[in-house]
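Student: Right, I'll just put the structure down here and ask away after.
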Amino acid sequence: MIKDTKVSRRRLLKGSAMAAALAGTGTFFGPWTHTRVLAQGQKKPIKIGFTCDASGQYGDSGQDDLRGCRMAIDEFNAKGGVLGRKIEWITADTETNPATGSRIAERFITRDECGFLVGAVHSGVANAITQVAAKYGTIYLNTNSSAPSEAGENCNRVKFVWDGNGSNFATATVQAAINSVGKSWMLLTNDYVWGHSTSNATKALVEAAGGRIVDNLLVPQNTRDFTAYLLKIQQAKPDVVAAAIGGDDIKALRTQVAQLKLDGKPAWINNQQDWPDVWGAGADSLFGVFGTTWYHKLPLPGVADFVRKWQAANAGGPIPVPGNVSYNGYMATRELLRAIKRAGGTNNIKVIKELEGLKVSAADRMQHFDAYMDPVTHQMQQTIYLARRNAKPSDPTDLYEVISWIDAKAATDTAAAGKCKLAAYDQVPTFEL
Amino acid sequence: MNLLPHILNGITLGLLFALIALGFMLVVGLMEQINLAHGSLFALGAYLAFVVVSGRLPLPVEWVREWLLVPLAWRYAAALVVAPLLTALAGMVLELCVRRTYGKDPLYGLLLTFGAAMVIEELIRLVWGTRDYVLPVPPSISGGMIFWDLIWSTYRFYAAAFSIGAIGLVWLFIERTPYGAIIKAGAHDSEIVRALGIDLTRLRLYVFAFGTLLAALAGIIVAPIWGIRPHMGVDAVVPAFLIIVLGGVGSFWGAVAAGILVGLVVGVSGAYASEWSLLSMYILLIAVVTFRARGLSGKKSLLEA
Amino acid sequence: MVLFEAENLQMRFGDRTVLENVTLSFGAGKLYGIMGPNGAGKTTCFNVLTGRYRPTRGRVRIDGEDITGLPPHLIARKGVSRSFQIMNLFNDFTARDNVMTALPEMRARSFETRRAVASDAKLADAAEAVLARVGLAGKGDVRAKNLSYGDRRALEIGVALAAAPRVLFLDEPTSGLGSDGTARLAGLIGTLKGQLTIVVIEHDMPFLFGLADEISVIHWGQVIAQGTPGELRANDWVRRSNLGKLQ
Amino acid sequence: MARHGSDATQLVTPAMLAVVGVLASLPLWIGQVGLYPYIGIEIVIWAIYALSFNLLLGYTGLPSFGHGAYFGIGAYAFGLFQQNVLPGLWPCLAAAAGAAALAGLVVAAFISHRRGIYYAFMTIAFGQVFWVVAIKSHAITGGEDGLLRIQRAPADFGIVSFDLRDNVSLYYFVLGVFAVVLVALWRLVNSPYGRILQAVKQNETRAAFVGYNVWLYKFSVFALSAALSGLAGGLFAMAQTSAFPDVMSLHYSGYVVMMTLIGGGIVSFWGPVIGAALFLLARDAIGAVTTAWMLWFGLLFMLVVLFKPEGIAGWWQDLRREGGARRPGLARLRMLFGG
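One line per chain: the protein sequences are A, B, C and D, in this order.
Quick note on numbering that gives the first Met the number 0: the first sequence kicks off at 0 and runs consecutively.
Quick note on numbering that gives the first Met the number 0: the second sequence kicks off at 0 and runs consecutively.
Quick note on numbering that gives the first Met the number 0: the third sequence kicks off at 0 and runs consecutively.
Quick note on numbering that gives the first Met the number 0: the fourth sequence kicks off at 0 and runs consecutively.
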């Protein structure tokens with residue numbers, strides 16, 4: 000029910016006097032308020048809305064994200080749910096489109112009575128959903144959008160970010176590459192927020208380590224032909240090309256680099272490779288060094304078991320093994336459900352506080368180091384892996400060779416804390432569903 | 000920076016654009032019908048080619064295994080024939096719908112094919128999923144070659160040469176064969192065509208199918224560069240439409256010239272102001288059509304009314 | 000008194016000369032005919048006179064005022080109206096709305112947005128008057144596209160007439176009509192004669208020779224003969240041509 | 000599209016009263032039919048947008064296929080004005096309409112002498128230019144992430160002020176704007192100006208030769224339509240508390256065309272309203288069941304274009320024509336929906 004003691008919510012209520020008069024009732028949040036009150040005392044299911052893309056630039060990743068999220072829910076439901084309550088979920092296509100994301104968030108919260116929203120790949124969509132979620136105080140897990148701004152200037156008290164971000168990956172790669180490859184760098188930047196913030200982070204790190212940026216080529220989103228850029232790169236002859244290209248664009252870039260056999264010199268650093276992007280393209284076009292948060296052949300306890308369960312749940316799907324996107328979705332959803340359990344209910348402020356204090360052991364994360372939620376930026380601080388194409392795969396899914404891993408502390412996005420301003424708890428509308 | 004490589008790149012890119020626009024132009028020029036599903040049929044062609052080359056055929060397992068033993072070059076060649084023909088069949092089905100709009104405001108044909116584009120794209124998504132595929136090509140036309148001290152993609156030159164060939168053949172077909180003459184007459188005076196005892200309905204069906212076939216062919220040629228994904232159709236139909244408007248409705252060489260011009264502008268702006276390169280073609284169009292009523296060399300057409 | 004005149008008009012499209020040294024003058028209140036074979040340049044001549052094309056050389060004047068190269072709507076506002084050989088109506092409008100749209104009263108209020116057209120009875124009355132004048136009384140509520148061919152021809156003239164022109168150009172008003180229809184149109188144009196200056200392009204010689212005060216023959220883009228019907232009957236070219244034999 | 004009879008002369012028609020009345024009661028029952036107030040806000044805003052779009056497509060016959068640009072410009076202008084100049088609701092809405100009108104004037108100056116396919120593609124090209132500029136100007140518009148943190152400023156009427164932060168009060172506010180737009184547009188399309196727009200649609204040549212400056216009509220109506228689209232965009236920015244570049248994309252520009260046609264904007268004043276409601280409801284309902292909603296809506300759209308290009312309003316008019324004389328109930332409905 001709504002514990003309507005907080006300033007902002009009360010102001011909202013007062014403001015709608017006109018609506019109340021017209022509607023002739025005391026309530027004007029529509030059916031939503033009624034059902035919330037009615038829910039009191041019953042063992043009503045906990046409902047989660049998955050705001051996953053099914054079409055557009057990140058349709059592929061969004062659906063892989065969803066597979067991981069569902070797996071976590073199935074595991075809890077098999078054990079009887081959380082606090083004796085079943086977990087239900089609903090999803091709709093956010094179309095990699097912020098305006099659609101915004102509408103679907105409104106729908107999930109006000110019509111479908113979801114107390115929690117999960118899922119995002121595109122930072123624009125994530126922000127749109129965050130704004131709606133913040134208005135209602137609904138907790139939102141940004142599973143896979145890795146724009147540094149998500150845990151920086153666009154952070155929010157109700158939003159938690161689960162992927163490593165561009166700055167993390169850049170920190171992990173730059174120093175090593177300057178030492179082993181060379182100091183002359185060229186940047187290839189997808190011309191939108193994630194690309195820009197990632198490239199800016201890379202640039203700062205390269206310059207701090209004594210390297211030099213010879214050029215920064217901005218690539219419009221939806222570029223299908225990279226020849227002009229590749230010609231420029233060949234003419235400039237840098238030691239390293241650091242690419243912050245995402246989604247469908249990276250797939251096209253990869254194919255064209257492979258065709259030209261340009262994947263040897265210069266050395267390529269791809270900030271991050273999402274598994275669904277890699278799987279579609281085929282092994283021989285995987286090039287360069289890149290960051291990730293997880294790999295299905297990590298030699299750690301529990302990984303093989305997790306992969307088996309995932310495969311059982313997603314047999315016949317388009318991707319045969321879980322990758323980092325599905326992993327992030329799974330981990331986020333699992334930790335949310337655990338936090339609800341620890342909080343003893345779905346009161347959003349209590350769950351937020353639980354998530355802010357979250358610490359997960361390495362074994363539990365199936366990563367090399369312990370992880371924790373940064374209470375200041377709401378970003379999961381976790382192991383960052385560097386990988387490249389596996390020259391000697393053990394099976395057709397074994398595309399990566401993990402070459403190193405570093406602890407969260409060594410790859411922290413140090414700028415984020417200064418940019419992120421979380422609202423005070425009493426500024427967040429509170430409720431329990 | 001040496002500009003020459005970028006000009007060369009622009010021309011090869013332009014030839015690809017012209018190839019993409021070729022089928023669109025045929026249908027616009029000869030039937031005064033804007034086929035916004037052109038891009039989706041282009042995508043369908045690429046998907047079908049992928050199915051043929053990679054052996055994902057709905058056939059018994061042994062047959063598929065046999066088929067995959069055939070050298071890639073042969074499978075690729077087979078795809079170049081089979082996929083466009085199959086797509087042309089889909090095009091014929093679409094024409095059966097589109098023919099209801101003949102004689103009405105051309106807007107209706109445009110809108111109908113807009114709806115068809117949505118439907119085809121969603122069907123592709125349903126059948127093949129949202130993930131993308133790579134069309135394997137024979138080693139003889141992949142890889143790189145070196146000149147001007149730079150590595151160039153062999154495939155792009157193959158694609159450019161293929162485009163030139165296709166453009167030439169279509170031109171010969173229209174200008175030098177009786178079929179072409181009939182097609183042209185069908186466009187400009189349906190009375191005359193009827194008087195000659197030619198079945199106009201069937202003629203339009205075949206012209207539409209031919210346009211679709213060219214769309215599929217373009218899809219197969221472009222697929223190894225762009226990758227195969229459901230919305231590749233939108234990436235193709237907008238430039239195709241733009242090229243036709245820029246070249247002028249009803250002008251074969253206008254469209255070819257417009258294609259190359261667009262390629263040059265995109266290629267060269269990619270070198271100097273890369274972030275604006277996608278916009279450059281629109282600015283080119285605005286600059287030309289503001290001053291020239293029918294693009295570069297368009298003719299009077301129903302589509303202006 | 001000369002109301003409308005064209006002086007040494009030349010019209011070229013690319014390297015083709017369609018009109019050469021065409022000089023015409025039309026006096027107030029008279030009816031003029033223009034004849035000549037297909038492709039002679041008659042319609043092009045109208046198009047130049049009414050502003051669709053700008054002549055490559057020469058001058059067009061109305062009432063002494065130079066209107067050469069003005070756009071059609073400005074020429075129309077000087078009191079020049081025209082009909083078209085291929086009918087040009089507002090097909091989805093009713094006959095009354097077709098005529099109403101052309102009324103000078105409507106033009107005067109054309110950027111007005113507050114008052115509804117339908118609330119203005121004066122506009123409707125004026126339109127009815129024009130309809131009655133061209134023999135379409137009682138057909139005001141029929142959509143133009145649903146009128147009979149002959150009625151559409153009459154409406155074509157009605158729309159041109161509604162603009163209250165000083166000079167009315169009619170481009171083959173009987174085109175496509177049978178003999179009954181042609182007679183009806185001839186009657187209609189006959190009733191208009193004397194009320195304003197009318198210039199008619201026609202192939203129907205009895206029609207033209209019966210009505211016109213003066214006829215110009217255009218051939219190969221030039222005026223090759225000019226005169227009253229009587230004078231032209233004696234003209235060599237008219238006699239040699241098929242047109243001549245028809246009379 | 001000629002509209003005769005008494006309705007055309009009225010300031011407020013029975014149909015308007017009925018539609019606004021039904022919409023006003025919507026918050027009372029929308030929950031019972033499985034919907035939520037926010038969808039009502041989007042429907043009304045898109046209805047304003049589609050009505051202003053139909054001024055071009057349905058009334059003047061101008062295929063503007065990049066119209067999302069003006070909707071988007073309105074949204075950005077609303078947010079930027081609020082964050083940088085004046086926070087009040089009225090100046091922000093004026094800025095939204097004004098900025099879109101300005102953009103419309105510039106574009107119209109380039110395209111008003113063009114027709115048909117050339118006109119259509121010029122509007123697409125300009126739409127793409129605005130869209131790309133919105134994405135590229137990160138510093139001003141927030142790029143792909145959009146312009147965030149736009150406030151739902153209170154509607155201040157001097158004596159009373161209404162807070163619009165909850166969805167129901169914002170709904171009533173946009174409904175009020177919708178009612179004003181309805182009255183204004185109904186006036187406009189039945190005025191001499193509106194009549195000449197329809198004449199231009201049917202025959203540009205004839206309109207010119209009876210003395211109308213066709214260019215000026217095409218030019219002015221484009222700017223007017225852009226201004227109203229911008230107003231709708233400003234409301235949308237309020238609803239979403241953000242402005243995003245995607246509404247300017249070709250896809251979204253296509254949506255408004257689909258809405259207008261499916262509803263029957265070609266033959267009826269009310270077509271765009273019907274279409275906007277149907278489109279958004281179908282998207283919401285089908286989208287909750289399957290992620291392939293575009294497939295079903297695309298098929299529906301094809302069927303409409305094939306078998307009833309006049310859209311739902313056209314189908315309704317036919318039904319009325321056949322049955323109206325016999326059944327008094329239908330005749331009464333005819334009075335409502337005019338024609």
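Note that CB positions come from ideal geometry on N, CA and C, so glycine has one too.
#1: I want to know whether the stretch 117 to 126 of chain C touches the stretch 193 to 211 of chain C - three or more CB-CB distances under 8 Å.
#2: If you measure from the beta carbon of Thr90 (chain A) to each beta carbon in chain B, is any gap under 8 Å?
#3: Under three-state DSSP, which class holds Gln127 (chain D)?
#4: Can you grab the Cα-Cα spacing for the pair Leu93 (chain B) / Gly297 (chain D), in whole Å?
#5: List the residues of chain C that Tyr187 (chain D) touches, going by C-beta distances under 8 Å, in chain order.
#6: Quick one: does Val209 (chain D) have its CB under 8 Å from some CB of chain C?
#7: In the DSSP assignment, find the alpha helix (DSSP H) that holds Asp170 (chain C) and state where it starts and stops.
#8: Note down the Cα distance separating Leu22 (chain D) from Leu174 (chain D), rounded to an integer number of angstroms.
#9: Per DSSP, what kind of secondary structure is Lys434 (chain A) in: helix, strand or coil?
#10: Which residue marks the beginning of the alpha helix (DSSP H) containing His218 (chain C), and which one marks its end?
#11: Restricting to runs no shorter than 4 residues, where is the alpha helix (DSSP H) found entirely within the stretch 2 to 28 of chain D?
#12: Does the stretch 87 to 106 of chain D come into contact with the stretch 250 to 267 of chain D, if we say contact requires no fewer than three beta-carbon pairs (one atom in each stretch) closer than 8 Å?
#13: Count the other CB atoms within 10 Å of the CB of Arg148 (chain B); is the residue buried (16 or more) or exposed (fewer)?
#14: Going along chain B in order, which residues have a C-beta closer than 8 Å to the C-beta of Val218 (chain A)?
#15: So is Arg99 (chain B) in contact with chain D if we call contact Cβ pairs under 8 Å?
#16: Taking the Cβ atom as the reference point for each residue, do Val209 (chain D) and Thr100 (chain C) lie within a distance shorter than 8 Å?
#17: May I ask you to report which of helix, strand or coil DSSP gives Glu431 (chain A)?
#18: Does DSSP classify Thr289 (chain D) as helix, strand or coil?
#19: Under the assumption that Leu106 (chain B) contacts Pro90 (chain D) (Cβ atoms under 8 Å), give the Cβ distance between them as a whole number of angstroms.
#20: What number of angstroms, rounded off, separates the C-alpha of Glu74 (chain A) from the C-alpha of Asp247 (chain A)?
#21: Give a yes or no on whether 8 Å exceeds the smallest Cβ distance from Asp63 (chain A) to chain D.
#22: Taking Phe113 (chain B) as the query, report the chain D residues whose CB atoms sit under 7 Å from its CB, ordered along the chain.
#23: Closer than 8 Å by C-beta to Thr59 (chain D): which residues in its own chain qualify, once you throw out the five before and the five after it? Chain order, please.
#24: For my contact list, Thr173 (chain C) and Leu187 (chain C) are in at a C-beta cut-off of 8 Å; report their separation, rounded to the angstrom.
#25: Tell me which residues of the stretch 166 to 194 of chain D have at least one Cβ-Cβ distance to chain C shorter than 8 Å, keeping chain order.
#26: For Leu318 (chain D) and Gly102 (chain B), I'd like the C-alpha separation in whole angstroms.
#27: Near Asp373 (chain A), which residues of its chain fall below 6 Å by C-beta distance, leaving aside the five closest residues on each side in sequence?
#28: Put Phe49 (chain B) into one of helix, strand or coil per three-state DSSP.
#29: Name the chain B residues that come within less than 7 Å of Gly297 (chain D), Cβ to Cβ?
#30: From Phe120 (chain D) to Ile259 (chain B), what does the alpha carbon distance come to, in whole angstroms?
#31: Helix, strand or coil for Gly152 (chain A), going by three-state DSSP, please let me know.
#32: If contact means a Cβ-Cβ distance below 7 Å, which residues of the stretch 90 to 122 of chain C contact chain D?
#33: Give me, in chain order, the residues of the same chain whose beta-carbon lies closer than 6 Å to that of Pro238 (chain B); leave out the 5 immediate sequence neighbours on both sides.
#34: Under 8 Å, with one C-beta from each stretch per pair, do the stretch 242 to 257 of chain A and the stretch 220 to 236 of chain B reach the 3-pair mark?
#35: If you count every other CB in all the chains shown that lies within 10 Å of the CB of Val272 (chain D), and 16 or more means buried, which is it?
#36: Taking only runs of the beta strand (DSSP E) that begin and end inside the stretch 260 to 296 of chain A, which ones reach a length of at least 3 residues, in chain order?
Tutor: Once the coordinates are examined:
#1: no
#2: no
#3: helix
#4: 14 Å
#5: Just to set this straight, residue 187 (chain D) is Leu in the shown sequence, not Tyr. Within chain C, the residues near Leu187 (chain D) are Thr112.
#6: yes
#7: Element bounds for Asp170 (chain C): not the alpha helix (DSSP H) but the beta strand (DSSP E), 166 to 170.
#8: 8 Å
#9: This structure cannot speak to residue 434 (chain A), because chain A is shown only from 0 to 432.
#10: No alpha helix (DSSP H) contains His218 (chain C), which is instead part of the beta strand (DSSP E) from 213 to 218.
#11: 13 to 23, 25 to 28
#12: no
#13: The identity of residue 148 (chain B) in the sequence shown is Asp, whereas the question assumes Arg. Burial call: exposed.
#14: Ser273, Glu274
#15: yes
#16: yes
#17: coil
#18: coil
#19: About 39 Å separates the two Cβ atoms, so there is no contact after all.
#20: 32 Å
#21: no
#22: Gly253
#23: Leu196, Gln197, Val199, Lys200, Tyr216, Lys217, Val220
#24: About 10 Å; that fails the 8 Å criterion.
#25: Arg186, Leu187, Asn189, Ser190, Pro191, Tyr192, Gly193, Arg194
#26: 25 Å
#27: Gln380
#28: helix
#29: Gly114, Met117, Val118, Glu121
#30: 19 Å
#31: The amino acid at residue 152 (chain A) is misidentified as Gly; the sequence shows Glu. Of the three classes helix, strand and coil, the one that applies to Glu152 (chain A) here is coil, per DSSP.
#32: Asn90, Asp91, Phe92, Thr93, Asp96, Thr100, Ala101, Met105, Arg106, Arg108, Ser109, Phe110, Glu111, Thr112, Arg113, Arg114, Ala115, Val116, Ala117, Ser118
#33: Phe16
#34: yes
#35: buried
#36: 266 to 271, 288 to 291
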